[in-house]
């Protein structure tokens, strides 16, 4: 299987497998080898053709029956936020903390080792009130049991936080407090009891809370250890990052420049969360990008048009059943984005050659974004198009998809949210919340090219960054409680795998260079321990990624949990 030094374009490595999943259904089934030269795939070969590309310097990696497939692409994640959450934040998520007493105990253990006056912060699941045994959020007074000397915050996702009395005092939130009109993620609000006192629950206010800052060295360490743990071990090789801080993006660039970043990062600068809109569109004054473009790039700008369903601040067409903050039975959430600001963002990003991504959870917010785009002539056409984040998660009316089509946007849904909170929509929206929940089969039949992403943030489920868990969600459609959600909307395994590879790459405008195994594409390859086509659906999230190759370099070996090659993998 070895040629001579005169072999034209000899491969650096050849990965051999009796099961290569290319994402192209037309691939010759006799293909059993992927030849790689430099960062890219050179050729796909039959076993008897390997000598045409191999010489004595070529490394042959024979993985036997273990399947080889393209690295997963996660087009919407919060790398920095998720990695920060693993440093010094108490994990209070259900089911391990399934009661309020368990939450108090976990936070109390942290308070004992924290100097008085410093924050004690925990992360809880989205829709935490539905996942606790008590079926409600803890109150400020229950969090006072943790400590009266520490400000305590329990972040139930990115849209809702519960504060103890000390934290409320530190933030100067009392019965006379009026929240500002906008807080970057939506319209902020404070829940109050019948007497007007804050209950401790605040919504869309996380960026307004004075949490302790993380030192740059700590953040660098969090990213260095967190990315492999959250993404690489699950075979994710490319990520669309929603930025948190300039420091975080600079650190990831520097990691990529040193060869220490195990994923390709395409950053969407959060405006005005990370930078003001104008500064985000002129980002070179704030961030020095020195890494190769294939590893780190400022891709676009991210805006928030509304808030989250968990905070009842997603802008929907039909009123929420109950809202403790405002509006009572008539409140439908609000579009928090100013029309003039949105129009300026559309113009500035297009002029700067940046991709615009807009968070719009509710159907009313999505249609508002589409109408605004149409007023400006529609979304850009071609490879880089305007994204609407969370489009496809809940759409009670077909009118919404018609608006998507008219405006020319890309819907970016999150299959993992089907498990996280798909069953709770009716609790918030009544019968309207039973229609159009993660209707992937219907949308695909209509011709929509969908993708799968984690949207990992504070309080995400522990499996959120595992694309094979997301694939399982697409097939099994099982909710947090174990129920099945609209089984007729299940899609096939091959469709679900494409959602997390080739179709996910298309969201980033990179399906020509990533997302499948084909000559000329980047050699982002993963080796699974078992073939997803040969296991039961419930086994999909349990599959392990044995090896990860990034740009032709082996960066992960499950046996050694390092980027070093193992004797079991090559000869």
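In the working numbering, the protein residues as written are 631 to 1201.
Yeah, the Cβ is synthetic: ideal placement off N, Cα and C, and Gly gets one too.
Keep in mind the model is a prediction, meaning the values are calculated, not measured.
Item	Value
For residue 1143, name the three-state secondary structure that DSSP assigns.	coil
Should residue 768 and residue 790 be called a contact, given that it needs their Cβ atoms to be closer than 9 Å?	no
Does the distance from the C-beta atom of residue 917 to that of residue 893 stay below 9 Å?	no
Does the beta-carbon of residue 952 have 16 or more other beta-carbons within 10 angstroms, so that it is buried, or is it exposed?	exposed
Any contact of the segment 699-716 with the segment 1068-1087, i.e. 3+ C-beta pairs under 8 Å?	yes
According to DSSP, simplified to helix, strand and coil, what is residue 864?	helix
Exposed or buried, which one is residue 653 when buried takes at least 16 other CB atoms within 10 Å?	buried
For residue 955, count neighbouring Cβ atoms within 10 angstroms of its own Cβ and tell me buried if that reaches 16, exposed if not.	Since pLDDT at residue 955 reaches only 49, below the 50 mark, its modelled position is unreliable, and no value is offered.
Indicate whether residue 1098 and residue 1068 have their beta-carbon atoms separated by less than 9 Å.	no
Rounding to the nearest angstrom, what Cα-Cα distance links residue 1041 and residue 904 in this structure?	23 Å
Along the chain, where does the alpha helix (DSSP H) that runs through residue 951 open and close?	Taken as a continuous stretch (DSSP letters only), residue 951 belongs to no alpha helix (DSSP H), as it is neither H nor E.
Report buried or exposed for residue 1189, applying the criterion of at least 16 other Cβ atoms within 10 angstroms of its Cβ.	exposed
Going by other Cβ atoms of all chains shown within 10 Å of its Cβ, with 16 needed for buried, is residue 818 buried or exposed?	buried
Return the Cβ separation of residue 759 and residue 770 in integer angstroms, given the expectation that the two are a contact with Cβ distance under 8 Å.	In fact, because the Cβ distance is near 15 Å, the residues do not count as touching under 8 Å.
Could you check whether the segment 930-946 touches the segment 805-816, counting it as contact only if at least three pairs of C-beta atoms, one from each stretch, sit closer than 8 Å?	yes
Comparing alpha-carbon positions, which option in 1092, 1126, 1090 and 682 lies nearest residue 1107?	1126
Quick one: Cα of residue 962 to Cα of residue 943, how far?	8 Å
Are residue 646 and residue 677 closer than 9 Å when you measure CB to CB?	yes
Suppose the cutoff is 8 Å on Cβ atoms and the five residues either side in sequence are ignored; what does the same chain contact list for residue 880 look like?	917 and 918
Applying the criterion that 16 or more other CB atoms from any shown protein chain within 10 Å of the CB defines a buried residue, is residue 834 buried or exposed?	buried
From residue 921 to residue 884, what does the alpha carbon distance come to, in whole angstroms?	7 Å
Looking at residue 1037: is its Cβ nearer than 9 Å to the Cβ of residue 999?	yes
Would a C-beta distance cut-off of 9 Å place residue 1185 and residue 729 closer than the cut-off?	no
Do residue 1182 and residue 693 have their CB atoms nearer than 9 Å?	no
Near residue 650, what residues of its chain come up, given a Cβ to Cβ distance below 6 Å and the 5 sequence neighbours on each side ignored?	661 and 698
Would you report the Cα separation of residue 717 and residue 803, rounded to the nearest angstrom?	27 Å
Using the Cα positions of residue 644 and residue 1140, report the straight-line distance between them to the nearest angstrom.	24 Å
Can you list, in chain order, the residues of its chain with a C-beta nearer than 7 Å to that of residue 1144? Leave out the 5 residues immediately preceding and following it.	703, 868, 1135, 1151, 1152 and 1154
Just to confirm the assignment, what range does the beta strand (DSSP E) spanning residue 829 have?	828-833
Thinking C-beta only, is residue 755 closer than 9 Å to residue 787?	yes
Any idea if residue 807 is buried or exposed, counting beta-carbon neighbours within 10 angstroms, 16 or more meaning buried?	exposed
Which residues does DSSP list as the beta-bridge partners of residue 900?	932
When you compare the CB positions of residue 985 and residue 1011, do they come within less than 9 Å of one another, or not?	no
Residues in the same chain with beta-carbon distance under 6 Å from residue 1025, minus the five sequence neighbours each way, listed in chain order, please.	993 and 1066
When DSSP labels each residue in this structure, what does residue 802 get in the three-state scheme?	coil
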